[in-house]
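There are 2 protein chains.
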Amino acid sequence: MAAALIPRQAEPPNLESPVEALGGLLTPPGLHFVRSHFPVPSIDPRRFTLRLGGCVSQGLALTLDDLRALPSVTRRLTLECAGNGRAHLPWDAAGLQWEEGAVGTADWTGVPLGVLLDRAGVGVAASHVLLQGADRGEMEEPVPSGGVIPFARSLPLPEARNALLAWEMNGGTLPALHGGPLRAVVPGCYGMASVKWLERVEVLDRPWQGYFETVDYARWEEREGLPPERVPLGPMRIKAQIVRPAPGAVLPVGEPARIEGAAWCGTGTPARVEVSTDGGATWHEADWTTAAEPGLWRLWALDWAPLRPGPARLLVRATSSEGETQPEIPDPRRGGYEISHPVPVVITVAEP
Amino acid sequence: MAAALIPRQAEPPNLESPVEALGGLLTPPGLHFVRSHFPVPSIDPRRFTLRLGGCVSQGLALTLDDLRALPSVTRRLTLECAGNGRAHLPWDAAGLQWEEGAVGTADWTGVPLGVLLDRAGVGVAASHVLLQGADRGEMEEPVPSGGVIPFARSLPLPEARNALLAWEMNGGTLPALHGGPLRAVVPGCYGMASVKWLERVEVLDRPWQGYFETVDYARWEEREGLPPERVPLGPMRIKAQIVRPAPGAVLPVGEPARIEGAAWCGTGTPARVEVSTDGGATWHEADWTTAAEPGLWRLWALDWAPLRPGPARLLVRATSSEGETQPEIPDPRRGGYEISHPVPVVITVAEP
């Protein structure tokens, strides 16, 4: 059977990558996870206009042709949904029950938002940038929105400058399911910041507190000895996943085997990866098979010759160049997000 | 049967005033509504210490005797729970189903927080003040807190200066149910800001985003043409309630009757009150029977001689000195809070 996206919700479309799609450097668009909050909006690319306004010298209104005429760049970037791995939490976390496949990597082609901001002339008071999609609807959980809202998210100005406004994915036209005709792609950030069906950019002189950064896509953080505060999710946590062998695989005892997968993070780059074949009792450093690049997952492998027959619990944990290591157990203050504890892959070692 | 508090939740204690308790200028402590988020903490008043720290020249640690030795003031203030009237919403709002009685007025005696802040020496960077209670627990709805948290709320510095730290209620020792030995009372604000069992005051150089001002005790507000933002609840909305006649009362046709009640608001004072005896078709201006004072409810009355036998729908609506009038219908962006639309009291006019 050919690999295919796994539906987690039919409408709006929420689709997960099969784990085997996560083993290469690039995920094909047809196997890249899809996260939608509201029905996919119908946008005629010929009539599409991106509006940029707010705290700028001059607002912009740009068609797709206007955008394509700008100096474009292509960046290979990994996007992970902030709820990836939610099904593996030991508590009952509301939301879509993603397993491992709400992560993927693509080549995104577009114009850095900084180019547009420079063209519009950002005011000295500017501090944040709102990205607003054309998709809209009413939210009931976890807190009712009390009416129809668009999907929208804000970023501090430096991160916003670094965002790519993309109209191509892996060298082809950006599919509507992935946010076409135009979406933001924010390097190193959880996916919710990469606003799909982008139609409005608003430069603000203050932080913005929208639905998808306060009641949703936020976590609790304790700072300076104070009770927990609500903070919007930002950079991806360091995390590694095993792609091969697959759960339930049978490996012959004594035969050389290879354990491999990917690791990624939003701050720094993956620097170290360790694998355990005995459920966490002992750890072995694995090798990187690709280079470290910010915002891009890095592939790793460990050669192993299983010696003892029976079930084996494989685990992987990564450490970033900033010294952050995956936590042993999930943190309840993160709720249903930033799920980065190692999840075992159970296989069987058998007599040949 | 003597009037008594109406339980909305047994543990922690959440008790509502009977409507007849709302007709005077003062509510007796035994009939004043009680709002608790966590179990009532057991505090020995002889060992109690209030700690004040953060962005100040010198932290303070004050016993109740230290506080009582300061120049105290007594203020008559109205407190309304932000969810008062939730049972009357036309949508299903989560939370305690308060009817009309989560509002009351008392004489609060204590020291203005501004006195303590001046003594501690507030830093020039200070902008907000965190008030933290001794009560704590874990929240599951609307968003899990991911662990035990204290009840805590912050205020902008000017509002915080105006808060009273009270140890007496109506001239007697503050009962534990009402936050004794020490609670904050914030004039004009919904009750959640009047932190009970106050044990910590922390001066901050930035806004603070705690549980009870982000996911809870907040609403959606649309500003500057942007999508809705989450804002913490603050001043009480203008609102009037009918105390007499009670729902279901029978009034003799042609006999003089009196409709009376209270009105209050957090910004300005109640300036105008109108009554309808025909379900909102026509309105008559009622008279104030007490003076306007900031933060205190104002009593009103309208003399009426019912002419037509049958059921009558009585309504009241007030307007503040700032020109704010009660909305005809509830606003979904307020969720389960700030419920201030007129709710009819249905009575019967009968042949004598």
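From first to last, the protein sequence lines stand for chains W and L. Using the numbering used here, you'd call the opening residue of the first sequence number 620 and step up by one each time. Using the numbering used here, you'd call the opening residue of the second sequence number 620 and step up by one each time. The beta carbon of each residue, even a glycine, is placed where N, CA and C say it ideally should be. Please read these numbers as outputs of a predicted model, since none were measured by experiment.
If we call anything under 7 Å between Cβ atoms a contact, is residue i one with residue j?
i, j, result
"Ala837(W)", "Pro826(W)", "no"
"Leu934(W)", "Ser895(W)", "yes"
"Gly723(L)", "His797(L)", "no"
"Gly720(W)", "Ser655(W)", "no"
"Val805(W)", "Ala795(W)", "no"
"Asp932(L)", "Gly880(L)", "It is worth fixing the name first, because residue 932(L) is Arg in this sequence and not Asp. Not closer than 7 Å, so no."
"Gly766(L)", "Pro761(W)", "no"
"Glu630(L)", "Met855(L)", "no"
"Val965(L)", "Pro930(L)", "yes"
"Ala680(L)", "Arg670(L)", "yes"
"Ala859(L)", "Val892(L)", "yes"
"Leu634(W)", "Pro647(W)", "no"
"His747(W)", "Pro775(W)", "yes"
"Gly807(W)", "Gly887(W)", "no"
"Leu750(W)", "Leu817(W)", "yes"
"Ser939(L)", "Ala865(L)", "no"
"Gly972(W)", "Lys815(W)", "Here chain W comprises residues numbered 620 to 971, so residue 972(W) is not present and cannot be evaluated."
"Thr967(W)", "Val862(W)", "no"
Look at the alpha carbon of residue i and the alpha carbon of residue j, and state the distance between them as a whole number of angstroms.
i, j, result
"Glu757(W)", "Ser764(W)", "6 Å"
"Ala622(W)", "Glu840(L)", "45 Å"
"Ser773(W)", "Trp907(L)", "48 Å"
"Ile857(L)", "Arg917(L)", "11 Å"
"Glu778(L)", "Gly914(L)", "13 Å"
"Arg687(W)", "Pro800(W)", "12 Å"
"Arg802(W)", "Arg738(W)", "19 Å"
"Val675(L)", "Val822(L)", "7 Å"
"Pro871(W)", "Trp919(W)", "22 Å"
"Gly942(L)", "Leu736(L)", "34 Å"
"Met620(L)", "Pro875(L)", "Any reading at Met620(L) needs caution, since the residue's pLDDT is 47, under 50, leaving its predicted position unreliable; the model's value is listed next. Straight-line Cα distance between these residues: approximately 27 Å."
"Ala937(W)", "Gln945(W)", "6 Å"
"Gly829(W)", "Gln628(W)", "24 Å"
"Ala744(W)", "Gly673(W)", "11 Å"
"Val638(W)", "Trp710(W)", "23 Å"
"Ile948(W)", "Asp726(L)", "51 Å"
"Asp685(W)", "Trp786(W)", "12 Å"
"Thr909(L)", "Ala882(L)", "11 Å"
"Ser661(W)", "Leu641(W)", "30 Å"
"Asp922(L)", "Leu624(L)", "29 Å"
According to DSSP, what are the bridge partners of residue i?
i, result
"Asn633(W)", "Gln628(W)"
"Thr728(L)", "Thr693(L) and Glu787(L)"
"Trp883(L)", "Lys858(L)"
"Ser813(L)", "According to DSSP, which records beta bridges pairwise, Ser813(L) is partnered with nothing at all."
"His707(W)", "None; His707(W) has no bridge partner."
"Ser773(W)", "Leu749(W)"
"Cys674(W)", "Answer is none; Cys674(W) lacks a bridge partner."
"Glu821(W)", "Gly672(W) and Leu749(W)"
"Thr967(W)", "Val869(W) and Pro930(W)"
"Gly766(W)", "The partner list for Gly766(W) (beta bridge, DSSP) is empty, contrary to what the question assumes."
"Leu698(L)", "Gly723(L)"
Would you say the beta carbon of residue i comes nearer than 6 Å to a heavy atom of the ligand MG?
i, result
"Ala745(W)", "For the structure depicted, the ligand MG is absent and the ligand set is empty, with no information on it obtainable."
By Cβ distance below 7 Å, which residues in the same chain neighbour residue i in space, the five residues on each side in sequence not counted?
i, result
"Thr682(L)", "Phe667 and Thr668"
"Val962(W)", "Gly704 and His707"
"Leu689(W)", "Val730 and Val734"
"Arg849(L)", "Thr833, Ala837 and Trp839"
"Phe657(W)", "Pro631, Asp754, Arg755, Gly756 and Phe770"
"Pro928(W)", "Val872, Val968, Ala969 and Glu970"
List the endpoints of the continuous alpha helix (DSSP H) containing residue i.
i, result
"Ala920(W)", "Where Ala920(W) is concerned, there is no enclosing alpha helix (DSSP H), although the beta strand (DSSP E) it sits in stretches over Arg917 to Trp923."
"Leu793(W)", "Element bounds for Leu793(W): n/a, residue is neither H nor E."
For the beta strand (DSSP E) that contains residue i, what are its first and last residues?
i, result
"Val748(W)", "His747 to Glu757"
"Leu870(L)", "Val869 to Pro871"
"Leu683(W)", "No beta strand (DSSP E) holds Leu683(W); the alpha helix (DSSP H) holding it covers Leu683 to Arg687."
"Pro889(W)", "Pro889 to Ser895"
"Gly929(L)", "Gly929 to Ser939"
"Glu912(L)", "Unbroken run through Glu912(L): none, as it is neither H nor E."
"Glu843(L)", "First-last for Glu843(L): undefined, no H or E at that position."
"Ala803(L)", "Arg802 to Val804"
Can you give me the Cβ contacts of residue i inside the same chain, cut-off strictly under 8 Å, excluding the 5 residues immediately before and after it?
i, result
"Ile955(L)", "The sequence given here has Gly at residue 955(L), not Ile. So the list reads Gly702, Arg705, Leu708, Ala712, Ala713 and Gly714, once near-sequence residues are dropped."
"Gly873(W)", "Ala924, Pro925, Leu926 and Pro971"
"Val692(L)", "Thr728, Gly729, Val730, Pro731 and Leu783"
"Thr901(W)", "Ser895"
Residues in the same chain with beta-carbon distance under 6 Å from residue i, minus the five sequence neighbours each way, listed in chain order, please.
i, result
"Glu957(L)", "Arg856"
"Glu718(W)", "Ala706"
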